[in-house]
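Number of protein chains: 2
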Amino acid sequence: MTLAMLINGQASNQIPADDRGFQYGDGLFETALLAKGQVRFLDDHLRRLATGCSRLGIAAPDERTLRDEIAQVTKGSERGVLKIIVTRGSGGRGYRPGSAASNTRVVALHPLNHVSQGALRLRWCEIRLGRNARLAGIKHLNRLEHVLAQSEWSDGEADEGLMLDTEGELVCATAGNVFAVRDGALITPDLRFCGVQGVMRAQVLKAAARLGLPVTEEPLWPDDLQAASEIFITNAVRGIRSVAALDSLQWSETGVAERLAAALSLSDT
Amino acid sequence: MTLAMLINGQASNQIPADDRGFQYGDGLFETALLAKGQVRFLDDHLRRLATGCSRLGIAAPDERTLRDEIAQVTKGSERGVLKIIVTRGSGGRGYRPGSAASNTRVVALHPLNHVSQGALRLRWCEIRLGRNARLAGIKHLNRLEHVLAQSEWSDGEADEGLMLDTEGELVCATAGNVFAVRDGALITPDLRFCGVQGVMRAQVLKAAARLGLPVTEEPLWPDDLQAASEIFITNAVRGIRSVAALDSLQWSETGVAERLAAALSLSDT
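Top line first, the protein sequences correspond to chains A and B.
The working numbering puts the first residue of the first sequence at 3, with every later residue one more than the last.
The working numbering puts the first residue of the second sequence at 3, with every later residue one more than the last.
Take a look at the structure:
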């Protein structure tokens, strides 16, 4: 369901079938929370989108135009999920992009689905993430691995799944980044080979620094979670979510997650 | 440019922006040659498409419907490129597919671009292919790596690029499979981690068996090409193309490629 959608500035819900986003996943997206009529961390989302465009060689949309379109689709709404998609547009011959500096912008507001409260029950996903440093960090449209990951279980069985890369390193949740607390310090995967540099992840890293919490971004392996006193998942829309269980492992501590959420005023939104 | 397009059986060139093909690259495609009014190797293309649907858990389109739509878009045309896209359709919540067995079918005929004649000059692509056995072989819509590969050079510099995976194994050309001839035997990468099981590749493997040419599918590394007496690239639309040069390496033999092309009657189309 969509509350409002603009495609290249026009009210529409259709894109040309020759759009390279549809043909090859040749584009990027952002998903942000609208709360109290404001898009949370909008500057961060727009910055990551611009970084992604630069990495893929896609003409970045004009920021003022994009902000204006975001204001149009969110006008009069207090709460929802803002989704932005930018693709390389139509054209080119086969895989090869055309020389024209074109793109397609989709700016849409969706209702915020009910989100369960309480600490999350996690599972391990069977599908792995392929490693490719060239695509790591950005929120591109090639998301089959995440789609297949979320296909592995039904709602009742777990709240989220953790994903490993093909070498067995821990990367992320299917729709979020993962943090572990060990000896009072925060650790999160460094995402050098795959995964998305989440907007909430970046906010958590900055808030931790302000709070004087030691933080490291480093390679993490499944066994590292056994030594963790606390685990949480971050997502731009859902905020910071404590983890209660991962298969047979259990955690009851939520203090670091709560301090970070308070520092980021997440409950105010 | 498109000569004819059917979307779910209706003449159209627009798809809903919430289609999962556009949102996540959640789908598959086929590109086939129309020659003398017939789609070359159509059975093979439809079989690979069905295999891909099965691998991704997408409801495969009814084969009779698809064949009927192909007949409609190719009617009255002698020559062109047939492109079929099948996605998981709209719906689901975020990455997670909905439970409905829906899909989106796009069946389109495009003009056949002019293809240069003569042996190909190849280059090495800088971007690598990520390894993920779960997605290997099928022709899914997550093709950013190929798009970025073809962005690395302009038309005049080379005819095609060879791609390695992140571990340095040779996988494919940006739009085709690669074969080497060594001591009279054919060798082609086994594609166990990435790459597409090309329709022309499969035809070449079968034709080689009929001709009594030894064939192995095995891991290949860049150095293996130095020992090759002949190299060729296969692609469903362009057929079998001999390679003349790869950076400073040069080949003049084209005999095996020509025998295979003759066995497959490729020049008749």
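No residue lacks a Cβ here, since even glycine has one placed at the ideal position from N, Cα and C.
Measure the alpha-carbon distance for residue i versus residue j and round it to whole angstroms.
{"i": "S156(B)", "j": "D64(B)", "result": "40 Å"}
{"i": "L124(A)", "j": "G163(A)", "result": "5 Å"}
{"i": "G200(A)", "j": "R95(A)", "result": "33 Å"}
{"i": "G59(B)", "j": "G214(A)", "result": "47 Å"}
{"i": "L146(B)", "j": "F181(B)", "result": "24 Å"}
{"i": "P221(B)", "j": "S244(A)", "result": "44 Å"}
{"i": "E154(A)", "j": "L137(B)", "result": "15 Å"}
{"i": "I280(B)", "j": "I87(A)", "result": "This structure does not reach residue 280(B), given that chain B is present from 3 up to 271, and the question cannot be answered."}
{"i": "R203(A)", "j": "G139(B)", "result": "34 Å"}
{"i": "L44(B)", "j": "D225(B)", "result": "35 Å"}
{"i": "G186(B)", "j": "W126(B)", "result": "25 Å"}
{"i": "G246(B)", "j": "M165(B)", "result": "Residue identity differs from the one stated: residue 246(B) is Ala in this sequence, not Gly. Between A246(B) and M165(B), the C-alpha separation is close to 17 Å."}
{"i": "L68(A)", "j": "G23(A)", "result": "18 Å"}
{"i": "S267(A)", "j": "T256(A)", "result": "16 Å"}
{"i": "S254(A)", "j": "V109(B)", "result": "53 Å"}
{"i": "A276(B)", "j": "R57(B)", "result": "Here chain B comprises residues numbered 3 to 271, so residue 276(B) is not present and cannot be evaluated."}
{"i": "G120(B)", "j": "R240(B)", "result": "12 Å"}
{"i": "R7(B)", "j": "G78(B)", "result": "Looking at the sequence itself, residue 7(B) is Met, so the reference to Arg does not match. If I take the Cα positions, the gap works out to 14 Å."}
{"i": "A13(B)", "j": "C174(A)", "result": "42 Å"}
{"i": "E128(A)", "j": "D270(B)", "result": "47 Å"}
{"i": "F234(B)", "j": "V198(A)", "result": "38 Å"}
{"i": "I190(A)", "j": "V217(A)", "result": "First, the amino acid is wrong: residue 190(A) is Thr here, not Ile. Roughly 8 Å separates the two Cα atoms."}
{"i": "G82(B)", "j": "H116(B)", "result": "11 Å"}
{"i": "F31(A)", "j": "E32(B)", "result": "25 Å"}
{"i": "S101(B)", "j": "S101(A)", "result": "40 Å"}
For residue i versus residue j, is the C-beta spacing smaller than 8 Å?
{"i": "D2(B)", "j": "S118(B)", "result": "Only positions 3 to 271 of chain B appear in the structure, and residue 2(B) is not among them; the question remains open."}
{"i": "H142(B)", "j": "G27(B)", "result": "yes"}
{"i": "R130(A)", "j": "D167(A)", "result": "yes"}
{"i": "R133(B)", "j": "C55(B)", "result": "no"}
{"i": "L25(A)", "j": "Q16(B)", "result": "Note that residue 25(A) is Gln in the sequence shown here, rather than Leu. For Q25(A) and Q16(B), no; Cβs fall outside 8 Å."}
{"i": "L172(A)", "j": "W223(A)", "result": "yes"}
{"i": "E71(B)", "j": "R107(B)", "result": "yes"}
{"i": "N10(A)", "j": "A61(A)", "result": "no"}
{"i": "I242(B)", "j": "A259(B)", "result": "yes"}
{"i": "N179(A)", "j": "T236(A)", "result": "yes"}
{"i": "A209(A)", "j": "L262(A)", "result": "yes"}
Under the assumption that residue i contacts residue j (Cβ atoms under 8 Å), give the Cβ distance between them as a whole number of angstroms.
{"i": "L36(B)", "j": "T76(B)", "result": "5 Å"}
{"i": "L84(A)", "j": "L111(A)", "result": "6 Å"}
{"i": "D249(B)", "j": "E219(B)", "result": "The Cβ separation is near 25 Å, so there is no contact."}
{"i": "V41(B)", "j": "A52(B)", "result": "At roughly 16 Å, the Cβ-Cβ gap does not stay under 8 Å, so V41(B) and A52(B) are not in contact."}
{"i": "Y97(A)", "j": "A177(B)", "result": "6 Å"}
{"i": "L227(A)", "j": "L251(A)", "result": "7 Å"}
{"i": "V183(B)", "j": "A151(B)", "result": "Rounded, the Cβ-Cβ distance is 24 Å, inconsistent with contact."}
{"i": "G29(A)", "j": "E80(A)", "result": "Not really, about 29 Å apart at Cβ, beyond 8 Å."}
Need the endpoints of the beta strand (DSSP E) that residue i sits in, please.
{"i": "E232(A)", "result": "232 to 237"}
{"i": "A247(B)", "result": "241 to 248"}
{"i": "L35(A)", "result": "29 to 37"}
{"i": "I129(B)", "result": "Counting along the chain, I129(B) falls outside any beta strand (DSSP E), and DSSP gives it neither H nor E."}
{"i": "T89(A)", "result": "82 to 89"}
{"i": "H112(B)", "result": "106 to 112"}
{"i": "F195(B)", "result": "Note, F195(B): premise wrong, no beta strand (DSSP E); not H, not E."}
{"i": "T53(A)", "result": "Careful: T53(A) lies outside any beta strand (DSSP E), inside the alpha helix (DSSP H) at 44 to 58."}
{"i": "T218(B)", "result": "217 to 219"}
{"i": "V117(B)", "result": "Run containing V117(B): none; DSSP gives neither H nor E here."}
{"i": "A182(B)", "result": "179 to 184"}
Buried or exposed for residue i, going by 16 or more other Cβ atoms inside 10 Å?
{"i": "R66(B)", "result": "exposed"}
{"i": "P99(B)", "result": "buried"}
{"i": "R90(A)", "result": "buried"}
{"i": "D21(A)", "result": "buried"}
{"i": "E169(A)", "result": "exposed"}
{"i": "A73(A)", "result": "exposed"}
{"i": "E19(A)", "result": "Residue 19(A) is actually Ala in this sequence, not Glu. By the 10 Å Cβ count, A19(A) comes out buried."}
{"i": "H47(B)", "result": "buried"}
{"i": "Q205(B)", "result": "buried"}
{"i": "R50(B)", "result": "buried"}
{"i": "A211(B)", "result": "exposed"}
{"i": "E232(B)", "result": "buried"}
From what residue to what residue does the alpha helix (DSSP H) around residue i run?
{"i": "Q16(B)", "result": "That residue, Q16(B), is in no alpha helix (DSSP H); its beta strand (DSSP E) goes 16 to 18."}
{"i": "H142(A)", "result": "Segment: none, H142(A) is in no alpha helix (DSSP H) and carries neither H nor E."}
{"i": "R261(B)", "result": "257 to 265"}
{"i": "L213(A)", "result": "201 to 213"}
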